[in-house]
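Below is one structure, written out as structure tokens; comments come after it.
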Amino acid sequence: MNIFELKTDLDSSQVGHEMYALMEELYPLCRSITGNGVRESLALVQRHIPLEIHEVPSGTKVFDWTVPNEWNIRDAYIKNSKGEKIIDFQKSNLHVVSYSIPVHKKLSLRELTKHLHTLPGRPDWVPYRTSYYVENWGFCLSHTQFLGLQDDEYEVCIDSRLEEGHLTYGEYYLKGKLNDEVLITSNICHPSLCNDTLSSVVLLTFLAKHLRSLGLRYSYRFLFTPATIGPITWLCLNEARVSNIKHALSAACVGDPGKSTYKKSRRGDAEIDRAVSHVLKHSGKDYEVWDFVPYGYDERQFSSPGFNVAMGSLMRTPDSLSVEHHTSADNLELVQPEYLADSFSKYLQVIAVLEGNTKYLNKNPKCEPQLGKRGIYRALGGPHVRNGELAMFWVLNLSDGEHALLDIAEKSGLSLDLIKDAADILSAHDLLQECGREQHRRAVSCDGG
Amino acid sequence: MNIFELKTDLDSSQVGHEMYALMEELYPLCRSITGNGVRESLALVQRHIPLEIHEVPSGTKVFDWTVPNEWNIRDAYIKNSKGEKIIDFQKSNLHVVSYSIPVHKKLSLRELTKHLHTLPGRPDWVPYRTSYYVENWGFCLSHTQFLGLQDDEYEVCIDSRLEEGHLTYGEYYLKGKLNDEVLITSNICHPSLCNDTLSSVVLLTFLAKHLRSLGLRYSYRFLFTPATIGPITWLCLNEARVSNIKHALSAACVGDPGKSTYKKSRRGDAEIDRAVSHVLKHSGKDYEVWDFVPYGYDERQFSSPGFNVAMGSLMRTPDSLSVEHHTSADNLELVQPEYLADSFSKYLQVIAVLEGNTKYLNKNPKCEPQLGKRGIYRALGGPHVRNGELAMFWVLNLSDGEHALLDIAEKSGLSLDLIKDAADILSAHDLLQECGREQHRRAVSCDGG
Amino acid sequence: MNIFELKTDLDSSQVGHEMYALMEELYPLCRSITGNGVRESLALVQRHIPLEIHEVPSGTKVFDWTVPNEWNIRDAYIKNSKGEKIIDFQKSNLHVVSYSIPVHKKLSLRELTKHLHTLPGRPDWVPYRTSYYVENWGFCLSHTQFLGLQDDEYEVCIDSRLEEGHLTYGEYYLKGKLNDEVLITSNICHPSLCNDTLSSVVLLTFLAKHLRSLGLRYSYRFLFTPATIGPITWLCLNEARVSNIKHALSAACVGDPGKSTYKKSRRGDAEIDRAVSHVLKHSGKDYEVWDFVPYGYDERQFSSPGFNVAMGSLMRTPDSLSVEHHTSADNLELVQPEYLADSFSKYLQVIAVLEGNTKYLNKNPKCEPQLGKRGIYRALGGPHVRNGELAMFWVLNLSDGEHALLDIAEKSGLSLDLIKDAADILSAHDLLQECGREQHRRAVSCDGG
């Protein structure tokens, strides 16, 4: 089955709506870096792909870190002296600082204010705040509501538990012909925030679901983990597997209307960097490519000098440029099916590039072969060459054992699709030999040129 | 004899008119990839240079190709039912599709139309068409004339022969001090088309004629062959000589008013690429440099991965940008003596760069030598250095065994002429030693720095 | 003592005035490439730093050159027939061509004119001219004055001596922890010319004076020599020391109002080139960086292929762009304390970069270390990372044994100050280990990564 054909057959608009529907289901759940919100979220994903769920006990040492206690929350509110709930966790899980310790007491506005978080510059939005590794508690609310608070005695209640338990993450491994892996990761720790990062949760789910039906060259691994402690835990428990990862993408912020933005891997010129750049360049849409920065999502851990995995990050509007980032405005209105579909399509094209980027040898390296007598060149000499013919000339010219198809696409300025088609036609006419493929029971090595 | 001096002595305007005169003689002959038109053309060239003529039998296997049957044509026409010749080969050899098989019959306009070729977008021009490797026949005419054709019975006659014979090509080898070769090629298969490629036929003729009188470092080879099958045949018969070719140019489209355009070799940074770029940069005229594309003229064969000869193509308006390309508008009006002369001058300058690009060693590498006491530096300290003095400082500074003169010219931004003059002055004062030249019966190696 | 802190403590404005005051003292002295003017100038410098004075006898062979005779002058003038001094050396030492041989005779205006130098394009300025290596004599005057000269008999007198003596130069060596040296040079041969090069004489004096109080990693060498013959003499007498010079700057033209201009070393990508570029890029002011040219100041000799010392030149307006260059307009008005202070500050920052550009190893290379538990990361997760935290992430990410701090600063776009601060914090928390530093009596090698 040819991934190149498949990706065009696919109705990605339909997939966009399916992704959005799953996101709507995930949206209300209160996720954090541990706890039942994560478990329930992974269960929803499992309805689409046979996700493996891992539970790692609190206190487990993972490199310089320790898996924290598990956090769960039932309810939280602030009541004024009349007993009116002025902040209610049931209305939005963003109202509680994630990992807040249990609290139930009365206090003055002045004391309460020390535990309140607002966004003065965006007075109608509720910020998202966390305090994972320092014990604390707090509430988030709109600045407008905050300004309306009277001098009063308030009752605050956070009915949470922070106790020994587990860190939960999901993993899906899809075996291909090679043990070499493509790794794609998403965080799953954010509560009611759509673009960051529910959009990537649903992207990975539907990518994995779609790839299952294909016979792929690479093996694929999809990780759904909490931020920072998640990839650290996975890396610590799977250190021996890291060398299998040949190409990696950290997914996040893939559902907003902004243009696609790719942040390169630490290596800067890895095959994944060139594959994504190629797809974006030929997408016909505006895009940006950024150099690596040791900050962001899972690439922070996978790109540490001890691992140096070639992991890029393919987003739409990066968090650092998004005004909605980590606020209540990152909601079901910001993310739309058409943008999810576009991201899905680009990820699939990147995978197609990785799958298709193999090396061939010109079996007839001295002068051009006579394409005409094989019926693959127009018979009547006209004034100009066509793109498909040019692609054949490029493939023949550069299939010298040093250039893979993506190299040829880059040098020619033609799309890999066209280059791959040319290679297929030439192979069918026995003018080209794929490197590494057995032929007549003898493997062809391309290193000798 | 110094090629640097010679090229400035030369009246290239005079040469331009001589080239044009030869082109006028060549223009009416009906050339194709084989046949008597090629023989007659080469005979005209032989009046200027002692060209060697090669005849390769039809059916000879040359790599993936076979030398085709020889094609010759005596006459061709289309008559209407009144017996009037409405298309007459005698008026223009472009009227017949090259390699048309013999035909003589009557047919309706509808049947005839299947064999007619026109240019609807340029209704007054006659296109040039060929069918070398698929047996067929056809006529080319202006679209205006085509639109005027009545429903009638037409008599078509092509009095051609396509039978065993030979492929004919011309070769001129000029021995220099070294066995290392500079190869310059032109196609000779096009009939009445001036820029593509009679312009390069006359360019090569007069370049060769001019170089004969000089004592050159490199050996020079000039090839006049039919397109595609010509260079393939030569490469097949001369495979052992290919490694001698150090620099190569494929010449075509050198007589039109457009700016000079250089298409780089497959290597992209070969010495020929740098030499041509240097000449164009210092020409004081507009120009373009293009990256390699595995299409075009003889570079298609010489740049195949099994040979990878460093062959660039120095043109004026490339065929792909020329509206006149492969039409009757590529005629004696399009090409003019002044443009031929300018191309001639640039080719000669490229040759001068290749001839002059040798490496020297500073015999006094610690600090500057005292130029003043040798009388080659102004005695009285003024405010600013002059270009000639700066050239001497550059040559002294970079003649460290790693930089040849063209490297020094590129780094300094000065012309190779100025750099070469500086090297000559410094050598004359024993401050510089040319690498590889015997001195006091001991060869100087520059590799040790 | 930390050079990074020191340079900000310093009141460079105060230093600018001290430099200017020394320049005022130096201005009237008649310096040349040899003679008492140089000795008196070096004596003024010695009041600030313990300069070592070297005297090299006339006739000493130094590579291709010979130390010339020593030149001294007491007086010079031109009188008209009325006995009026129309040109008087006592008013400006620029009036006499430097190294003029003794002369005392009467001659006509026509004969005199052969020995007069003016600047027709700048009619009020007096040019500066020399004739070191060809025996000659001459006067310089304004073109306006020249045009006013009557047909008359003139008495010319140059009371100079050109006889065996010495070439004098000053040297100051400041030992640091390493034998590796930073070399900074200035010419001291120009008479009453401020920017070229008294500005660099006073710059070197106060740089050396300031660095004396610091405990430096590198050793520093300051050279005050006459142009051309000075560095040639030093190089010839100190050839064995050249390999110790790791970074070098040739100082000149550092006191005018123009923007800073850096001319790169011959290597083009040496650490000194990157250090200066970094300082200028982060200076917040306009600047230019030029490629190397084998002309200029002491870099002409230090960059000769036999030495190839990594010597750049950090100037303000380069001589080649300065209209005042080598004229009486290069005076105490052109150079101002604030520009001297700015140059001083930039040189000091370059030294700080060189001192601080060491390599560290991330002791925790797998995943990020947990900065929060060490109190060096904000506890409460907010929306965006801060620059100081980003600097820590960059240092951790790139301290892999291949990147020194300047590499990290360049890759991150952050200033070396910020990167160095981050490295200090991380080192203090035992997360980083400086390469080459002993720890627990075991040297850490960083080559193994």
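Protein chains in written order, with the working numbering: chain F, 1 to 449; chain C, 450 to 898; chain S, 899 to 1347.
Yeah, the Cβ is synthetic: ideal placement off N, Cα and C, and Gly gets one too.
Does the CB of residue i have a neighbour CB from chain F at under 9 Å?
| i | result |
| --- | --- |
| Val742 of chain C | yes |
| Leu1288 of chain S | yes |
| Thr1292 of chain S | Sequence inspection shows Trp at residue 1292 of chain S; the Thr mentioned does not correspond to that position. Closer than 9 Å: yes. |
| Pro675 of chain C | no |
| Asn451 of chain C | For Asn451 of chain C, the predicted structure reports a pLDDT of 46, less than 50, and the residue's modelled location is therefore unreliable. The matter cannot be settled from this model. |
| Ser1310 of chain S | yes |
| Glu688 of chain C | yes |
When you compare the CB of residue i with every CB in chain S, is at least one pair closer than 9 Å?
| i | result |
| --- | --- |
| Gly306 of chain F | yes |
| Asp645 of chain C | no |
| Asn813 of chain C | yes |
| Leu235 of chain F | yes |
Measuring straight from C-alpha to C-alpha, what distance separates residue i and residue j?
| i | j | result |
| --- | --- | --- |
| Ala892 of chain C | Ala853 of chain C | Low per-residue confidence applies at Ala892 of chain C: pLDDT is 48, beneath 50, and the placement is therefore not dependable, though the value from the model is reported in the following sentence. Cα to Cα, the separation comes out at about 17 Å. |
| Glu220 of chain F | Val182 of chain F | The question names Glu, yet the displayed sequence has Tyr at residue 220 of chain F. Spanning the two alpha carbons is a distance of roughly 5 Å. |
| Gly176 of chain F | Glu271 of chain F | 19 Å |
| Glu560 of chain C | Val552 of chain C | 14 Å |
| Ser1111 of chain S | Phe1104 of chain S | 12 Å |
| His466 of chain C | His1015 of chain S | 52 Å |
| Gln888 of chain C | Ser635 of chain C | Bear in mind that a pLDDT of 47 at Gln888 of chain C, under 50, signals an unreliable position, so the model cannot answer this. |
| Lys534 of chain C | Lys359 of chain F | 57 Å |
| Ser81 of chain F | Gly148 of chain F | 15 Å |
| Val45 of chain F | Tyr1185 of chain S | 56 Å |
| Glu787 of chain C | Ser769 of chain C | 23 Å |
| Thr562 of chain C | Phe595 of chain C | 9 Å |
| Ala1320 of chain S | Glu953 of chain S | 48 Å |
| Thr1123 of chain S | Tyr796 of chain C | 50 Å |
| Asp196 of chain F | Trp234 of chain F | 21 Å |
| Leu910 of chain C | Cys435 of chain F | The structure shown has nothing for residue 910 of chain C, since chain C only spans 450 to 898. |
| Leu660 of chain C | Asp856 of chain C | 25 Å |
Report the neighbours of residue i on chain F: residues whose CB is nearer than 7 Å to its CB, in chain order.
| i | result |
| --- | --- |
| Gln1268 of chain S | Asp64, Trp65 |
So, under 8 Å CB-CB, residue i and residue j are touching, yes? Tell me the CB distance rounded to an integer number of Å.
| i | j | result |
| --- | --- | --- |
| Ser1040 of chain S | Val1024 of chain S | 6 Å |
| Tyr154 of chain F | Ile78 of chain F | 6 Å |
| Gly258 of chain F | Arg316 of chain F | 4 Å |
Quick one: list the residues of chain S neighbouring residue i, beta-carbon separation under 9 Å, in chain order.
| i | result |
| --- | --- |
| Ser303 of chain F | Asn1295 |
Taking 9 Å as the CB-CB limit, is residue i close to chain C?
| i | result |
| --- | --- |
| Pro1018 of chain S | no |
| Ser452 of chain F | One cannot answer for residue 452 of chain F here, as it falls past the ends of chain F, which runs 1 to 449. |
| Arg1164 of chain S | yes |
| Gly448 of chain F | Here Gly448 of chain F scores only 40 on pLDDT, less than 50, and its place in the model is too uncertain to base an answer on. |
For a contact defined as C-beta to C-beta under 7 Å, what are the partners of residue i on chain S?
| i | result |
| --- | --- |
| Cys702 of chain C | Those within 7 Å of Cys702 of chain C in chain S number zero; the least Cβ separation is about 36 Å. |
| Asp849 of chain C | Pro1203 |
For a contact defined as C-beta to C-beta under 7 Å, what are the partners of residue i on chain C?
| i | result |
| --- | --- |
| Arg1198 of chain S | Glu817 |
If the cut is a Cβ gap below 8 Å, which residues of chain C does residue i touch?
| i | result |
| --- | --- |
| Asp273 of chain F | Going along chain C, no residue has its Cβ under 8 Å from Asp273 of chain F, so there is no contact; the nearest lies around 22 Å. |
Mind listing the chain S neighbours of residue i? Cutoff is C-beta to C-beta under 8 Å, in chain order.
| i | result |
| --- | --- |
| Ile232 of chain F | Cys1265, Glu1266 |
| Lys822 of chain C | Tyr1031 |
Going by alpha carbons, who is nearest to residue i out of the options?
| i | options | result |
| --- | --- | --- |
| Leu665 of chain C | C:Val742, C:Ser557, C:Tyr622 | C:Tyr622 |
| Met841 of chain C | C:Glu851, C:Gly850, C:Ser876 | C:Ser876 |
| Ala1138 of chain S | S:Gly1204, S:Lys1318, S:Gly1299, S:Gln912 | S:Gly1204 |
| Ser732 of chain C | C:Lys695, C:Asp791, C:Asp573, C:Gly484 | C:Asp791 |
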